[in-house]
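Student: My structure is below; once you've seen it, I'll send some questions.
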Amino acid sequence: MNSEALNALEQTIAIARQRAEGRVPVVGVAGPQGSGKTTLVAAYAAAHRDVAHFSLDDVYLPAGYRRLIAESVHPLFGTRGPPGTHNLLQLNETLDELLEAKAGAQIFLPAFDKVTDNPVHSTRRPVFRGKPSVVLVDGWCLGALAEADDALVTPLNLLETERDKDAGWRKEVNANLAGAYQLTFGRLDAIIALQAPSFAIINDWRCEQEAGLLGRDLTEEDRKRIWLFVQFFERITRHMMAGGRRADIEVQLDERRNVTEIRRIAV
Numbered sequence: 689m690n691s692e693a694l695n696a697l698e699q700t701i702a703i704a705r706q707r708a709e710g711r712v713p714v715v716g717v718a719g720p721q722g723s724g725k726t727t728l729v730a731a732y733a734a735a736h737r738d739v740a741h742f743s744l745d746d747v748y749l750p751a752g753y754r755r756l757i758a759e760s761v762h763p764l765f766g767t768r769g770p771p772g773t774h775n776l777l778q779l780n781e782t783l784d785e786l787l788e789a790k791a792g793a794q795i796f797l798p799a800f801d802k803v804t805d806n807p808v809h810s811t812r813r814p815v816f817r818g819k820p821s822v823v824l825v826d827g828w829c830l831g832a833l834a835e836a837d838d839a840l841v842t843p844l845n846l847l848e849t850e851r852d853k854d855a856g857w858r859k860e861v862n863a864n865l866a867g868a869y870q871l872t873f874g875r876l877d878a879i880i881a882l883q884a885p886s887f888a889i890i891n892d893w894r895c896e897q898e899a900g901l902l903g904r905d906l907t908e909e910d911r912k913r914i915w916l917f918v919q920f921f922e923r924i925t926r927h928m929m930a931g932g933r934r935a936d937i938e939v940q941l942d943e944r945r946n947v948t949e950i951r952r953i954a955v
């Protein structure tokens, strides 16, 4: 991971430490799909063994539970990712355990198996031992602010046009973001945001990720599937890129994920 990004994370941790006033600070690492946020967190944690870290991706609701939401609220909630598909209770309970940990503590961190589309059994989850010096949480929408109701009227992409014609899904996602998600984001003492140069590059980054996971070149069908999947995240991602988010440090990336600018955001 780029040393400039690591330095920016150090700056964010320093801000969080100051705000935490003696307790364990909690730092959010935000960034669109494929931006390198999880890689950044893992690189920092590897060099600092007393750092606890997990991802928003680790606290998805089980597939069966999301199916119930899809049946009772809107079919698009069957796909994990947007606000409303995460187990925020688990996220907050994990934070509680980490913030209250003493020396010798053993804390099971959340983990999610994307192959089975279900949480990892507790016996196979990673364990953090001891009292952390800092807790890092990464996630694509950390710090995102809800949109105004009138901004939801016009569909943004093909997914919204064809599968959310009455805007019911995006309104519910926005309500989730305005409610329980803001309360959870409020527990983050500071946030560092990785900024993509454009929304278009995010699809390319996601394709790179997928090819790496599959260990082969992507087919045209793969690329179509990814393009559709990215649309689930497009509205909030574009809103965040336009300033609809809370962040303390912004890291501007180029198309190759090199850091081009680091900016402290006045609060």
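Those letters in the sequence shown? Residues 689 to 955, per our numbering, in order. Just so you know, even glycine gets a beta-carbon here, dropped at the ideal spot from N, CA and C. Please read all numbers here as calculations on a predicted model, not as lab measurements.
In angstroms, rounded to a whole number, what distance separates the CA positions of Glu709 and Asn695?
Tutor: Locating residue 709 in the sequence shown gives position 21, counting from the first residue. Locating residue 695 in the sequence shown gives position 7, counting from the first residue. For Glu709 and Asn695, the distance between alpha carbons rounds to 22 Å.
Student: Going by DSSP, name the residue or residues bridged to Phe920.
Tutor: Position 232 of the sequence shown holds residue 920. Partner(s): none; Phe920 has no beta bridge.
Student: Determine which residues share a DSSP beta bridge with Gly827 and list them.
Tutor: By 1-based counting over the sequence shown, the position of residue 827 is 139. Gly827 is bridged to Ala718.
Student: Would you grab the beta carbon distance between Gly722 and Trp915 for me? Rounded to a whole angstrom, and I think it's under 8 Å.
Tutor: Numbered from its first residue, the sequence shown carries residue 722 at position 34. Numbered from its first residue, the sequence shown carries residue 915 at position 227. Between Trp915 and Gly722 the Cβ distance is about 13 Å, and since that is not below 8 Å, they are no contact.
Student: From Arg768 to Phe921, what distance separates their C-alpha atoms?
Tutor: As a working mapping, residue 768 is identified with position 80 in the sequence shown. As a working mapping, residue 921 is identified with position 233 in the sequence shown. When rounded, the distance between both Cα atoms is 10 Å.
Student: Mind pulling the beta strand (DSSP E) runs of 3 or more residues that sit fully within the segment 848 to 894?
Tutor: Those beta strand (DSSP E) runs which fall completely within the segment 848 to 894 and span 3+ residues are 878 to 883.
Student: Out of Arg858, Glu896 and Thr925, which one is the CA nearest neighbour of Pro885?
Tutor: Here residue 885 is taken as the residue at index 197 of the sequence shown, counted from 1. Per the Cα distances, Thr925.
Student: Below 8 Å on the Cβ atoms is my contact criterion, and I expect Thr773 with Arg754 to pass it. Report the Cβ-Cβ distance as a whole number of Å.
Tutor: Position 85 of the sequence shown, counting from 1, holds the residue named residue 773. Position 66 of the sequence shown, counting from 1, holds the residue named residue 754. Confirmed, about 6 Å.
Student: Using 8 Å as the threshold, is the C-beta distance between Val714 and Thr700 below it?
Tutor: Here residue 714 corresponds to residue number 26 of the sequence shown, with the count starting at 1. Here residue 700 corresponds to residue number 12 of the sequence shown, with the count starting at 1. In this structure, Thr700 does not lie closer than 8 Å to Val714 by Cβ.
Student: Which word fits Glu848, buried or exposed, when buried means at least 16 other C-beta atoms lie within 10 angstroms of its C-beta?
Tutor: In the sequence shown, residue 848 corresponds to position 160, counting from 1. That one is buried.
Student: Taking only the alpha-carbon atoms, compute the straight-line gap between Lys802 and Thr842 and give it to the nearest angstrom.
Tutor: Here residue 802 corresponds to residue number 114 of the sequence shown, with the count starting at 1. Here residue 842 corresponds to residue number 154 of the sequence shown, with the count starting at 1. Distance between the alpha carbons of Lys802 and Thr842 is about 32 Å.
Student: Where do the ends of the beta strand (DSSP E) carrying Val712 lie?
Tutor: Reading the sequence shown from its first residue, position 24 is the one you call residue 712. No beta strand (DSSP E) contains Val712, which DSSP labels as neither H nor E.
Student: In the DSSP assignment, what residue or residues form a beta bridge with Ser743?
Tutor: As a working mapping, residue 743 is identified with position 55 in the sequence shown. Answer is Asp826.
Student: I believe Asn806 touches Pro750 by the beta-carbon criterion, under 8 Å. Please report the beta-carbon distance rounded to the nearest angstrom.
Tutor: Counted from its first residue, the sequence shown places residue 806 at position 118. Counted from its first residue, the sequence shown places residue 750 at position 62. Asn806 to Pro750, Cβ: 5 Å. Contact.
Student: Would DSSP call His927 helix, strand or coil?
Tutor: The residue labelled residue 927 in the question sits at position 239 within the sequence shown. His927: helix per DSSP, three-state reduction.
Student: Going residue by residue through the segment 744 to 773, where are the continuous alpha helix (DSSP H) segments of at least 4 residues, counting only ones entirely within it?
Tutor: DSSP runs (the alpha helix (DSSP H)) wholly in the segment 744 to 773: 751 to 760.
Student: Note down, in chain order, each residue of its chain lying with its Cβ closer than 8 Å to the Cβ of Ala863, except the 5 sequence neighbours on either side.
Tutor: Residue mapping note: residue 863 aligns to position 175 of the sequence shown, counting from 1. Only Ala834 meet the Cβ criterion.
Student: Taking only the alpha-carbon atoms, compute the straight-line gap between Ala730 and Val825 and give it to the nearest angstrom.
Tutor: As a working mapping, residue 730 is identified with position 42 in the sequence shown. As a working mapping, residue 825 is identified with position 137 in the sequence shown. Going by the C-alpha atoms only, they are around 11 Å apart.
Student: Taking the C-alpha atoms as reference points, what is the distance between Lys790 and Leu830?
Tutor: Along the sequence shown, read from residue 1 onward, the residue named residue 790 stands at position 102. Along the sequence shown, read from residue 1 onward, the residue named residue 830 stands at position 142. Roughly 27 Å between the two C-alpha positions.
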